[in-house]
Every structure is written in structure tokens, then in C-alpha cells.
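Down below is the structure, laid out as C-alpha cells.
Next comes the structure, spelled out in C-alpha cells:
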């Protein structure tokens, strides 16, 4: 085994997942260069092992023992690639911290990512989940990405159409799951930037700070302040951010729910469906602030499950299932879990 592949056995992952679950990996490798992935591919025994590709660990609920080869993506680098008439193209390696990358683009005078400020995780994980917040998703600014293919051993370029982006979904959670390892991501940031201020709390923040014509940095500051007020800091209380997807239902189902629950929070979608606020549904079932074992529902935002200290992956799963069952019993709406259980 070469120096490229210096594995650590029985490695603690507690500080590498934002839920703070005290999991241990049977084999662990910090990936800092492409050659390490190529060396694993060239070794039949290593290639055949179950793999967990780990970024910032922010969309993940781990079991106590992870019996897999955990590859912690730590590739670094960010740059401006060039521009055309409409866009400036920037690139970041998979291991770059997402929020730090957003701030870097703002420092370069480039808008487009500001509404995605303070989302935990890494750049490489962002397209997998098609992360989104405050009126924008990764697909809105995505150009292309490079990935290592564990089936062929080749580096492939993947365009936006191939990614099959959907609400909190992409081909990397479907056909390419466990196959493609994202190496770097490229974004197209608009030269004719316009602020996206469709959310009331963002407009309210700007008004309170007497900002009439916000720059991209102003919008970022607003998003950061709002998220910090609503969501727990993973450094202080373990969590994976929003734990459930906002369910999308047909208009007829939404209308029936609205008739029975006049305060129902819903948002119209492009195809005539409605997105329901999962946090509101959970809150109506009395879960906000409740604890089950060492896991619980965050007191300020029912969409977030938290680790009150020492929670296991099994406890988090049990809590999530209890929440799902209560929401379905009350509203006949199925909540889908966002994080991956491994």
C-alpha cells in the first residue's frame, strides 16, 4: 500500500458529522488529491469495499459503527475561470467549505450565491442535494462539474441537463449514487445581477437596516442573520439542518387541507401543485421543542431535529419516524427525510 493510501482504522467521525453522532469508521481516508481515488480504483479489494463519500457531514445521520471505507473529500482550490457576455464562471474544489466559497465570490464582486449563505457543508455536496434557500437552488447557478467514475476509473465532465436536478434531488442521489465522486463544481454567476427578495423576512431585515437598494453582500448579511436567529449552530447543538422536505401536493389536496386547517402554510408551484411548509405541519402536531431520548425537535424551528448530547443514529431515526407518523395521522401527508442514513 503506497503512502497515498494511509488508512486509519476504527476512526472517530464525531467531529466530521454536524449531528455530532459518536460514530466510528472501520476504515478512513482523507482524500486530498485525485491520485488517491485512482489508487483505490486500481486495487480490486479496495474498489469492492462499501464506500461512504464524506464532505461536511451536514446531510448525514450515521450509525454507531460505519462498516465502510469512508473517504473524506478534502480537495481544495477556487478560481475565476473566465466570462462571456452574460456570466462569470467560477470553480471550487469539492472539499471547499460552501459558506466560505459563497463569501469568496462576494469578495470578488460576484453576486448569485448570496441567498445560499450559511448553508453548512462542502461545495462537492451542494449539487448532490441541489441545495436551496430563499428562492434559489444550485440548479439556478450551476454550469458543470468534474467527477471521478468508480466504474470506469475516468474523470468525467457532467453538464446541467445530465444532473437531473429536482427539489432536493439529483442524479447523484439516484443512478450515480456510490458511483461518482465529485471533484470540482463550476458556477455561472450573472453579470446583470438582481436581488432575490421574495421572502418577507429578508425584505424586513433590509427595511430595518434602511437598505433600499441592496447589494449582493447586503442580501448575504440578511440571510446570515435570519438563519442564525432561526437555526441552531451545529458547533453548539448537533443537527443536520432541515430534516424533512417540504411536501408538494396536488391543488385539490391542498384545498381540502386548507378547508380543514385555515392557517395552513402553502406556496404555489409552477405546475399547479402546492408546496406545504413541513415545519408548520410538524408544529401543529405538537412536536416543536419536544425531546425523545437524547434527540429532539428544535424549539425554534420544528423542521430541525437536534442532538441534545449522546444521541445515536437509531434514536434520531426513531424520532423522525414518530414525527412522520403523527403528521400523516393528522394531515394524510407523507414527510420525506432529507438527510441520508448510513
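Numbering (the UniProt record's numbering), first residue to last: 1 to 342. Backbone N, C-alpha and C define an ideal beta-carbon position, used for all residues, glycine too.
What residues in its chain sit with their C-beta under 7 Å from that of residue 86, if we drop five residues either side in the sequence?
Correct list, in chain order: 190 and 191.
Name, in chain order, the residues that DSSP records as bridge partners for residue 406.
Nothing about residue 406 can be reported from this structure: the residues present for the chain run from 1 to 342 only.
Taking the C-alpha atoms as reference points, what is the distance between residue 332 and residue 100?
40 Å
Quick check on this structure: which residue in 259, 215 and 311 has the alpha carbon closest to the alpha carbon of residue 109?
215
Residue span of the alpha helix (DSSP H) that contains residue 31, given as start and end:
Taken as a continuous stretch (DSSP letters only), residue 31 belongs to no alpha helix (DSSP H), being part of the beta strand (DSSP E) at 24–31.
Please state the DSSP three-state secondary structure of residue 122.
strand
Could you check what DSSP says for residue 101 in three-state terms: helix, strand or coil?
helix
Which residue from 71, 61 and 33 puts its Cα closest to that of residue 11?
71
Where the beta strand (DSSP E) containing residue 300 begins and where it ends:
Residue 300 -> no beta strand (DSSP E), and no H or E assigned at all.
Let me know if residue 18 comes out buried or exposed under the rule of 16 or more other beta-carbons within 10 Å of its beta-carbon.
Its Cβ being crowded by 16 or more others within 10 Å, residue 18 is buried.
Evaluate residue 257 with the Cβ neighbour count: other Cβ atoms within 10 Å of its Cβ, from every protein chain shown; 16 or more gives buried, anything less gives exposed.
Around the Cβ of residue 257, a 10 Å sphere holds 16 or more other Cβ atoms; the residue is buried.
As a quick exercise: from 287, 301, 338 and 202, pick the residue whose alpha carbon is nearest that of residue 327.
287
What are the start and end residues of each continuous beta strand (DSSP E) run of 3 or more residues lying completely inside the segment 165–207, in chain order?
Segments of the beta strand (DSSP E) lying fully in the segment 165–207: 180–190.
By Cβ distance below 6 Å, which residues in the same chain neighbour residue 63 in space, the five residues on each side in sequence not counted?
Excluding five sequence positions before and after residue 63, the CB atoms of its chain that fall closer than 6 Å to its own CB belong to 313, given in chain order.
Sequence-distant residues of its chain with Cβ nearer than 8 Å to residue 180 (five each side left out):
147, 148, 149, 150, 156, 158 and 172
Would you identify the three-state DSSP class for residue 11, choosing helix, strand or coil?
strand
DSSP three-state call for residue 107: helix, strand or coil?
helix
Using 8 Å as the Cβ pair cut-off and three pairs as the minimum, do the segment 113–120 and the segment 212–228 touch?
yes
Give the range of the beta strand (DSSP E) segment to which residue 83 is assigned.
78–83
If you draw a straight line from the C-alpha of residue 212 to the C-alpha of residue 294, how long is it?
45 Å
Residue from 67, 23, 78 and 339 with nearest C-alpha to residue 243:
339
Just reading off the beta strand (DSSP E) that residue 67 is part of, what are its end residues?
65–73
Leaving out five residues on either side along the sequence, give the residues of the same chain with a beta carbon under 7 Å from the beta carbon of residue 83.
89
According to DSSP, is residue 315 helix, strand or coil?
helix
For residue 320, is the classification buried or exposed, using 16 other Cβ atoms within 10 angstroms of its Cβ as the cut-off for buried?
Answer is buried; the Cβ neighbour count reaches 16.
Can you tell me where the alpha helix (DSSP H) with residue 220 in it begins and where it stops?
216–230
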